[in-house]
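Heads up: the structure comes next, in structure tokens.
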Amino acid sequence: MTSPANIYILGASGFGGGELLRLLSGHPGNAGIRVVSRHHAGSPIHKVHPHLRGLVDGRFEAEPDWRWLADSQRPVVFSALGHGELASQFAGLEKQWADAGLTDRMLLVDLSSDFRLDHPGRYAGAYGRPHPSPDLLGTFTYGLTEWKREQVKTAKRIANPGCFATAVQLALLPIAATPGLGLLAVSGVTGSSGSGSLPGEGTHHPTRAHDFRAYKPLEHQHEAEVEVMLVAHGAQRHRLAFVPHSAPMVRGIFATVQFEWPEHGGAVVTQSLTEKYRRYYEGSKFVRIVEGTPRVAAVTGSNFCDISVATKGRSVAVMAALDNLVKGMAGQAVQNFNVALGFPEDTGLRQAACYP
Numbered sequence: 001m002t003s004p005a006n007i008y009i010l011g012a013s014g015f016g017g018g019e020l021l022r023l024l025s026g027h028p029g030n031a032g033i034r035v036v037s038r039h040h041a042g043s044p045i046h047k048v049h050p051h052l053r054g055l056v057d058g059r060f061e062a063e064p065d066w067r068w069l070a071d072s073q074r075p076v077v078f079s080a081l082g083h084g085e086l087a088s089q090f091a092g093l094e095k096q097w098a099d100a101g102l103t104d105r106m107l108l109v110d111l112s113s114d115f116r117l118d119h120p121g122r123y124a125g126a127y128g129r130p131h132p133s134p135d136l137l138g139t140f141t142y143g144l145t146e147w148k149r150e151q152v153k154t155a156k157r158i159a160n161p162g163c164f165a166t167a168v169q170l171a172l173l174p175i176a177a178t179p180g181l182g183l184l185a186v187s188g189v190t191g192s193s194g195s196g197s198l199p200g201e202g203t204h205h206p207t208r209a210h211d212f213r214a215y216k217p218l219e220h221q222h223e224a225e226v227e228v229m230l231v232a233h234g235a236q237r238h239r240l241a242f243v244p245h246s247a248p249m250v251r252g253i254f255a256t257v258q259f260e261w262p263e264h265g266g267a268v269v270t271q272s273l274t275e276k277y278r279r280y281y282e283g284s285k286f287v288r289i290v291e292g293t294p295r296v297a298a299v300t301g302s303n304f305c306d307i308s309v310a311t312k313g314r315s316v317a318v319m320a321a322l323d324n325l326v327k328g329m330a331g332q333a334v335q336n337f338n339v340a341l342g343f344p345e346d347t348g349l350r351q352a353a354c355y356p
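Using my numbering, read the sequence shown as starting at 1 and increasing by one per residue.
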């Protein structure tokens, strides 16, 4: 039987931290959870995450007690810090981990964008700034679980993919190696929770509730993650064009990928392409191939990603829906935790969506 782990969550006051607490609170691999938030230090967890009242006890800590973690046979850290924060603090944290005897024993799962890319130039191109710790790029395993499962099994540092990147990659990778794909036009829609828990112009309810708009058209940072994985899985001579949209909903990602099937392939039959996807995801716990269109409402609150395929002649549309805070964030992090520590992959993640 796989022994449970002591767990620290850094940056636990945000939406990602709240989802980690929700998912891990009843997880059999949880021997104890402690949470860090300097802003909310001393406050009961339920004051920030009211839905966890009576389910998760404890208070936020200002600083982690690494000695407590070191006493565990299986020490685990989930970092839900804001983008750039873990990378900026990493040198100091590494010293603390070394002093506590954690360096070679600890599993680290990072939910931010800090270590998803493996090259400083690629990071700077995607995020418009140099990486705070460029020597660490390439030292994390990219945690798209369905496509990196074997690597995750032996990983000690895991970079959780972005929410849009997860949906687009799950939709595209089964056909990535098809010669001559050409333009891959991606339209993505997300809810307001994808922008984090702090209010801003794009997330403030009065300005967003009845609006629909594009943002970062053709220059969203998740393109870089998708490009790396496409090339790694055989894509050649393709062009990725991604336009994300902000929708009047709280949770959810809906991505549509459109492309022309190469001329040498002849007309595409929806059923045969759907079967191709079924074969690729056969045995995957959380990717469901559905008929018609996926629905955000059918995955909200769950770790599932629903995918469907539509064709007309050589025109193909692949659609994917997931919850950006679960499969696109905390749920996939727990999925990677399960794989890395030897738990069944769906442990603690078999919740149905909240429907309607």
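Every residue, glycine too, gets a C-beta built ideally from N, C-alpha and C.
Applying the 10 Å Cβ sphere with the 16-neighbour rule, what's the burial state of residue 15? Buried is the call here.
Using 10 angstroms around the beta-carbon of residue 19, count the other beta-carbons present and answer buried if the total reaches 16, otherwise exposed. By the neighbour-count rule (16 or more Cβ atoms within 10 Å), residue 19 is buried.
Three or more C-beta pairs closer than 8 Å, one from the region 75-93 and one from the region 105-120: is that the case here? Yes: the two stretches touch, three or more of their Cβ pairs being nearer than 8 Å.
Residue 114 by DSSP, collapsed to three states: which one? Three-state DSSP puts residue 114 in coil, outside helix and strand.
Under 8 Å: do the region 262-280 and the region 213-225 share three or more Cβ pairs, one atom per stretch? These segments do not touch.
Runs of 3 residues minimum, wholly inside the region 273-354: which ones carry the beta strand (DSSP E) assignment? Taking only runs of at least 3 residues, the beta strand (DSSP E) segments lying wholly in the region 273-354 are 287-289, 305-312, 315-322.
Option nearest residue 143 by Cα separation, candidates 156, 351, 310: Of the candidates 156, 351, 310, the residue whose Cα lies closest to the Cα of residue 143 is 156.
Euclidean distance between Cα positions of residue 242 and residue 99: Near 44 Å, if we compare the C-alpha coordinates of residue 99 and residue 242.
What residues in its chain sit with their C-beta under 6 Å from that of residue 60, if we drop five residues either side in the sequence? Result list for residue 60: 35, 37, 40, 41, 43, in chain order.
Going by the beta-carbon positions, is the gap between residue 235 and residue 176 smaller than 8 Å? Between residue 235 and residue 176, the C-beta spacing is below 8 Å.
Measure from the alpha carbon of residue 153 to the alpha carbon of each residue in 121, 345, 350, then state which is nearest. When 121, 345, 350 are compared, the shortest CA-CA separation from residue 153 is found for 345.
Kindly provide the ranges of any alpha helix (DSSP H) runs that are 4 or more residues long and lie completely inside the region 202-247, ordered along the chain. Taking only runs of at least 4 residues, the alpha helix (DSSP H) segments lying wholly in the region 202-247 are 205-208, 222-232.
Starting from residue 73, follow the beta strand (DSSP E) in both directions and report where the run begins and ends. Unbroken run through residue 73: none, as it is neither H nor E.
What does a CB cutoff of less than 6 Å around residue 328 pick up in its chain, not counting 5 residues either side in sequence? Cβ neighbours of residue 328 beyond the five flanking positions: 163, 166, 253, 322.
Using 8 Å as the cut-off, can you tell me whether the region 271-282 makes contact with the region 305-317, which would need three or more C-beta pairs spanning the two stretches below that distance? Two segments are said to touch when three or more pairs of C-beta atoms, one from each, lie closer than 8 Å; by this definition the region 271-282 touches the region 305-317.
So does the region 283-290 actually touch the region 122-140, counting three or more Cβ pairs closer than 8 Å? Contact fails: fewer than three Cβ-Cβ distances are below 8 Å.
Mind checking which residues open and close the alpha helix (DSSP H) that includes residue 32? Counting along the chain, residue 32 falls outside any alpha helix (DSSP H), though it belongs to the beta strand (DSSP E) covering 30-36.
Helix, strand or coil: which one does DSSP assign to residue 12? For residue 12, the secondary structure class from DSSP, reduced to helix, strand or coil, is coil.
Three-state secondary structure (DSSP) of residue 145: Residue 145 falls in the helix class under three-state DSSP.
Beta-carbon proximity of residue 140 to residue 159, cut-off 8 Å: Yes, they are a contact pair.
What is the rounded straight-line gap between the Cα of residue 193 and the Cα of residue 25? For the pair residue 193 and residue 25, the Cα-to-Cα distance works out to about 21 Å.
Would you kindly check if the distance between the Cβ of residue 31 and the Cβ of residue 12 is under 8 Å? Taking 8 Å as the Cβ cut-off, residue 12 and residue 31 do not qualify as a contacting pair.
Can the beta-carbon of residue 187 be found less than 8 Å from the beta-carbon of residue 256? Cβ distance < 8 Å, so residue 187 and residue 256 count as in contact.
What is the rounded straight-line gap between the Cα of residue 69 and the Cα of residue 350? A direct Cα-Cα distance of roughly 27 Å separates residue 69 from residue 350.
So, for residue 47: in the same chain, excluding its five sequence neighbours on each side, which residues have a beta-carbon less than 8 Å away from its beta-carbon? Once the five neighbours on either side are set aside, the close Cβ partners of residue 47 are 40.
Distance between beta carbons of residue 353 and residue 293, contact taken as under 8 Å: In fact, because the Cβ distance is near 15 Å, the residues do not count as touching under 8 Å.
Can you tell which of 67, 51, 28, 55 has its C-alpha closest to the C-alpha of residue 8? The candidate whose alpha carbon is nearest that of residue 8 is 67.
Quick check: what's the CA-CA separation for residue 182 versus residue 230? Each residue's alpha carbon lies about 13 Å from the other.
In whole angstroms, give me the CA-to-CA distance for residue 208 and residue 249. Here the alpha carbon of residue 208 sits roughly 9 Å from the alpha carbon of residue 249.
Length of the line joining the Cα atoms of residue 56 and residue 27: Taken atom to atom, the span from the alpha-carbon of residue 56 to that of residue 27 is near 12 Å.
Between which two residues does the beta strand (DSSP E) holding residue 187 run? Where residue 187 is concerned, the enclosing beta strand (DSSP E) stretches over 183-190.
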